[in-house]
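Read through the structure below, which is laid out as structure tokens, and then see the notes.
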Amino acid sequence: MLADWRRVQARAPVAADVDAGPSDASAPVERIALDRALATLDPGDREVLLLRELGGLDYAEIAEFVESTHAAVRSRLYRARVAIRADLEPAAVLPFSKQRQS
Numbered sequence: 048m049l050a051d052w053r054r055v056q057a058r059a060p061v062a063a064d065v066d067a068g069p070s071d072a073s074a075p076v077e078r079i080a081l082d083r084a085l086a087t088l089d090p091g092d093r094e095v096l097l098l099r100e101l102g103g104l105d106y107a108e109i110a111e112f113v114e115s116t117h118a119a120v121r122s123r124l125y126r127a128r129v130a131i132r133a134d135l136e137p138a139a140v141l142p143f144s145k146q147r148q149s
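Below, the structure is given as structure tokens:
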């Protein structure tokens with residue numbers, strides 16, 4: 048398990064030191080919103096999402112790492128992405144929420 052964790056960490060991107068200019072003023076606000084949205088996720092969904100998006104692992108690697116199936120990983124990723132999108136875009140109208148017009 049420790050070897051798996053080290054492999055994930057080795058693949059994780061390294062943050063670059065970039066001076067934030069005036070155009071990046073909203074970046075801290077967006078980061079706070081993302082951190083809050085991630086905190087609301089189920090821990091298993093959050094783990095799978097972070098392994099995929101930050102760790103760069105493919106579905107098979109994630110399934111092996113979390114001792115699950117490929118299908119379960121895809122399902123967890125879908126749920127996590129939908130939840131994050133809903134938290135970050137609360138005013139977005141989803142297709143299934145449209146009311147019928149008479």
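Okay, so the sequence shown: first residue is 48 according to the numbering used here, each after it adds one.
We treat Cβ as the ideally placed atom computed from N, Cα and C, and that holds for glycine.
Please read all numbers here as calculations on a predicted model, not as lab measurements.
- Under the three-state reduction of DSSP output, L101 falls in the coil class, being neither helix nor strand.
- Rounded to the nearest angstrom, the gap between the Cα atoms of V76 and T116 is 36 Å.
- Collapsing the DSSP output to three states places L88 in coil.
- Around the C-beta of I79, fewer than 16 other C-beta atoms lie within 10 Å, and the residue is accordingly described as exposed.
- Shown here, S115 sits in coil according to DSSP, grouped into three states, outside any helix or strand.
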